[in-house]
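Protein sequence lines, in the order shown, are assigned to chains A and Z.
Just so you know, we're using our numbering here: the first sequence kicks off at 13 and counts up by one.
Just so you know, we're using our numbering here: the second sequence kicks off at 13 and counts up by one.
2 protein chains.
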Amino acid sequence: MPDDTAPTTRRQFLASAAVGALVAAGGARADESASAPAATKPRLELGFPTYMFKNYTLDQTIEMMRRVAVGHICIRSNLLPLSSTDEQIAAAIRKVTDAGLSVYGGGVIYMRTEPDVGRAFEYARAAGFKLISISLRPELLGLLEKKVREHDIRAAIHNHGPEDKLWPTPAAIHEKVRTLDRRIGICHDTGHTLRAGADPVAQTLQTADRLMDIHLKDVDQAAAKGHSLELGRGIMDVPKFLRALAKIGFAGVLGIEYEKHMDDLLPGLAESVGYVRGVMAGMARQDASS
Amino acid sequence: MPDDTAPTTRRQFLASAAVGALVAAGGARADESASAPAATKPRLELGFPTYMFKNYTLDQTIEMMRRVAVGHICIRSNLLPLSSTDEQIAAAIRKVTDAGLSVYGGGVIYMRTEPDVGRAFEYARAAGFKLISISLRPELLGLLEKKVREHDIRAAIHNHGPEDKLWPTPAAIHEKVRTLDRRIGICHDTGHTLRAGADPVAQTLQTADRLMDIHLKDVDQAAAKGHSLELGRGIMDVPKFLRALAKIGFAGVLGIEYEKHMDDLLPGLAESVGYVRGVMAGMARQDASS
Numbered sequence: 013m014p015d016d017t018a019p020t021t022r023r024q025f026l027a028s029a030a031v032g033a034l035v036a037a038g039g040a041r042a043d044e045s046a047s048a049p050a051a052t053k054p055r056l057e058l059g060f061p062t063y064m065f066k067n068y069t070l071d072q073t074i075e076m077m078r079r080v081a082v083g084h085i086c087i088r089s090n091l092l093p094l095s096s097t098d099e100q101i102a103a104a105i106r107k108v109t110d111a112g113l114s115v116y117g118g119g120v121i122y123m124r125t126e127p128d129v130g131r132a133f134e135y136a137r138a139a140g141f142k143l144i145s146i147s148l149r150p151e152l153l154g155l156l157e158k159k160v161r162e163h164d165i166r167a168a169i170h171n172h173g174p175e176d177k178l179w180p181t182p183a184a185i186h187e188k189v190r191t192l193d194r195r196i197g198i199c200h201d202t203g204h205t206l207r208a209g210a211d212p213v214a215q216t217l218q219t220a221d222r223l224m225d226i227h228l229k230d231v232d233q234a235a236a237k238g239h240s241l242e243l244g245r246g247i248m249d250v251p252k253f254l255r256a257l258a259k260i261g262f263a264g265v266l267g268i269e270y271e272k273h274m275d276d277l278l279p280g281l282a283e284s285v286g287y288v289r290g291v292m293a294g295m296a297r298q299d300a301s302s
Numbered sequence: 013m014p015d016d017t018a019p020t021t022r023r024q025f026l027a028s029a030a031v032g033a034l035v036a037a038g039g040a041r042a043d044e045s046a047s048a049p050a051a052t053k054p055r056l057e058l059g060f061p062t063y064m065f066k067n068y069t070l071d072q073t074i075e076m077m078r079r080v081a082v083g084h085i086c087i088r089s090n091l092l093p094l095s096s097t098d099e100q101i102a103a104a105i106r107k108v109t110d111a112g113l114s115v116y117g118g119g120v121i122y123m124r125t126e127p128d129v130g131r132a133f134e135y136a137r138a139a140g141f142k143l144i145s146i147s148l149r150p151e152l153l154g155l156l157e158k159k160v161r162e163h164d165i166r167a168a169i170h171n172h173g174p175e176d177k178l179w180p181t182p183a184a185i186h187e188k189v190r191t192l193d194r195r196i197g198i199c200h201d202t203g204h205t206l207r208a209g210a211d212p213v214a215q216t217l218q219t220a221d222r223l224m225d226i227h228l229k230d231v232d233q234a235a236a237k238g239h240s241l242e243l244g245r246g247i248m249d250v251p252k253f254l255r256a257l258a259k260i261g262f263a264g265v266l267g268i269e270y271e272k273h274m275d276d277l278l279p280g281l282a283e284s285v286g287y288v289r290g291v292m293a294g295m296a297r298q299d300a301s302s
């Protein structure tokens, strides 16, 4: 079974934690396969959305996650096709958890028709996902609301930048979901927010009550033609963003994305993970000494 | 020619810079091969000592440095044998600088006999090194002093932990060199300091006037049997160490070492580089907001 109880426990813990503690350390130490109970760790846990592993198998993905000591995975269709049988889904989830990793969600899942919505939730139910990141046509929001209630699965709509006329930014999503069931929210992709010319920090503060999932991604410029690169090398202000997450008490997994060398992913992904852990450590040290 | 003028210029700049500015950013952005004049960059530059590349060629080393956007290299005998002719040395240096990298030093060079000392300085002269990291028998210190004066090349003795009865820690080195020519100093290897049961921060503050070079390395335990691992995953307090470097106005290159997966170095090396850049960014952000 995926470890879906952790976020709630962590949220309770973090609500009472100081900002410095919240962002302390931020990564595994020494052991590469750890996924100890999150409630004992006063920090934001790192995880991986998995579109970036599209040129790799699930086994290779697991191996890379162990290498960089990241313990939380959001499984996407490239690693577990939507057409999988319940048995295939169960086997994939078991492979992940047997490797010591925890599944924090599924997706991004695209829904264009009503049957797509039904199929997505059957897939999520079979996988045990309590959170799915999605994209869908706005006319399907009513059906989506029915499904999140029926399955008690949260659905976070993913913003995809300036080319996405429906969901370019978290604010655009928030505008359409703010009156819907609270299990419908936002998966904030900071790279696409930047490409849309918006500020990820302002958008985070503005949409905090519906922020469920994060794709923390850096890009080389605040323009539609911006490209993903190693976290810390582009225009994304990671310290300021983490400060905003602490301010709003974000208690989900901090998903890290890197899409520059997708045929040779590990070095840039490792650099990105190291960078985020370093920012957390640098911020925590400063909080402790101030 | 190696870019040896940068450290002095940088020292002058940094002497007047705020702590926050000193540790700001700390890494290349976007461009992977940059080695622009250091004086314009208010930050500690990252570099690589090169023992960790012992299973790789110079070409492979250069390629990895470009991949992680680290622009400064300290060349060791595994990449450029001490027995090389002046022509071979010149060709290697040219290969490095043609790749857009700058050479900040040579070594660690081991000197056991008087001829070893002479040979080391001839090698350094041919390479244009202005700084060499070394290890030598204490009875050679008199000859060393003569050579640093003759060549005007600085020599930093490298501490090698508890097994090194001569030079286990920076303090042990300081004790023996503090009355010698000021061109003789210390190459502080933090991993070996930790393995010797000493505190890298205290040692840095205590030996500041002779600190010339750094091998910033993390280990999994403060014991002789401690092993190198990705920076940030072990016991090394990198934020506190960088704060100490800022306090003493260290103006050299911050050398990063990682020796865990030496047959597949890049992922852990990239993670380590990302971590150090992240710590700098996290500390700078905090300084700016406090």
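Here a beta-carbon is modelled for each residue, glycine too, at the ideal position from N, C-alpha and C.
In this text the structure is predicted, and so the values were computed from the model without any measurement.
Residue i, enclosing beta strand (DSSP E) - first and last residue
i: residue 60/Z; result: 58-61
i: residue 123/A; result: 114-123
i: residue 168/Z; result: 166-170
i: residue 87/A; result: 84-87
i: residue 309/A; result: This structure gives no information on residue 309/A, because the portion of chain A shown stretches from 13 to 302.
i: residue 148/A; result: 143-148
Cut-off 6 angstroms between Cβ atoms - residues of its own chain near residue i, not counting five sequence neighbours on either side
i: residue 203/A; result: 229, 231 and 240
i: residue 282/A; result: 80
i: residue 132/A; result: 121 and 123
i: residue 286/Z; result: none
i: residue 242/A; result: 280, 283 and 284
i: residue 227/Z; result: 61, 201, 267 and 269
i: residue 52/A; result: Only weak support is given to the placement of residue 52/A: the predicted model assigns it a pLDDT of 30, under 50, and the value that follows is read from those uncertain coordinates. Correct list: empty, nothing qualifies.
Beta-bridge pairing of residue i - partner residues as DSSP gives them
i: residue 226/A; result: 200/A and 266/A
i: residue 231/A; result: 240/A
Sequence-distant residues of the same chain with beta carbon closer than 7 angstroms to residue i, five excluded per side
i: residue 73/Z; result: 62, 65 and 91
i: residue 193/A; result: 157, 160 and 161
First through last residue of the alpha helix (DSSP H) which encompasses residue i
i: residue 101/A; result: 98-110
i: residue 132/Z; result: 126-139
i: residue 303/Z; result: Nothing in the structure corresponds to residue 303/Z, since chain Z is present only between 13 and 302.
i: residue 260/A; result: 250-260
i: residue 156/Z; result: 153-163
i: residue 214/A; result: 212-218
Residue i classed as buried or exposed, judged by whether at least 16 other C-beta atoms fall within 10 angstroms
i: residue 233/A; result: exposed
i: residue 276/Z; result: exposed
i: residue 165/Z; result: buried
i: residue 269/A; result: buried
i: residue 260/Z; result: exposed
i: residue 142/Z; result: buried
i: residue 99/Z; result: exposed
i: residue 175/Z; result: exposed
i: residue 95/A; result: exposed
i: residue 57/Z; result: buried
i: residue 251/A; result: buried
i: residue 170/A; result: buried
i: residue 216/A; result: buried
i: residue 118/Z; result: buried
i: residue 263/A; result: buried
i: residue 168/A; result: buried
i: residue 214/Z; result: exposed
i: residue 173/Z; result: buried
i: residue 190/Z; result: exposed
i: residue 249/A; result: buried
i: residue 127/A; result: exposed
i: residue 150/A; result: exposed
Contact test: residue i Cβ vs the ligand ADP heavy atom, cutoff 8 angstroms
i: residue 231/A; result: The ligand ADP is not part of the structure shown, which contains no ligands of any sort.
Residues near residue i in its chain [Cβ-Cβ closer than 8 angstroms; skip 5 each side]
i: residue 218/A; result: 182, 183 and 186
i: residue 59/Z; result: 82, 83, 84, 85, 86, 116, 265, 266, 267 and 268
i: residue 272/Z; result: 239, 240, 241, 242 and 280
Please name the residues in the stretch 54-67 of chain A whose beta-carbon is closer than 8 angstroms to at least one beta-carbon of chain Z, in chain order.
-> None of the residues of the stretch 54-67 of chain A has a beta carbon lying less than 8 angstroms from any beta carbon of chain Z.
If contact means a Cβ-Cβ distance below 9 angstroms, which residues of the stretch 279-297 of chain A contact chain Z?
-> Identification of residues in the stretch 279-297 of chain A having a C-beta nearer than 9 angstroms to some C-beta of chain Z yields 279, 280, 281, 282, 283, 284, 285, 286, 287, 288, 289, 290, 291, 292, 293, 294, 295, 296 and 297, given in sequence order.
Mind checking the stretch 238-257 of chain A against chain Z and listing, in chain order, the residues whose C-beta falls within less than 9 angstroms of any C-beta there?
-> 241, 242, 243, 244, 245, 246, 247, 249, 250, 251, 252, 254 and 255
Please list the residues of the stretch 194-218 of chain A that have a C-beta atom closer than 7 angstroms to any C-beta atom in chain Z, keeping them in chain order.
-> none
Please name the residues in the stretch 75-93 of chain Z whose beta-carbon is closer than 9 angstroms to at least one beta-carbon of chain A, in chain order.
-> 76, 79, 80 and 81
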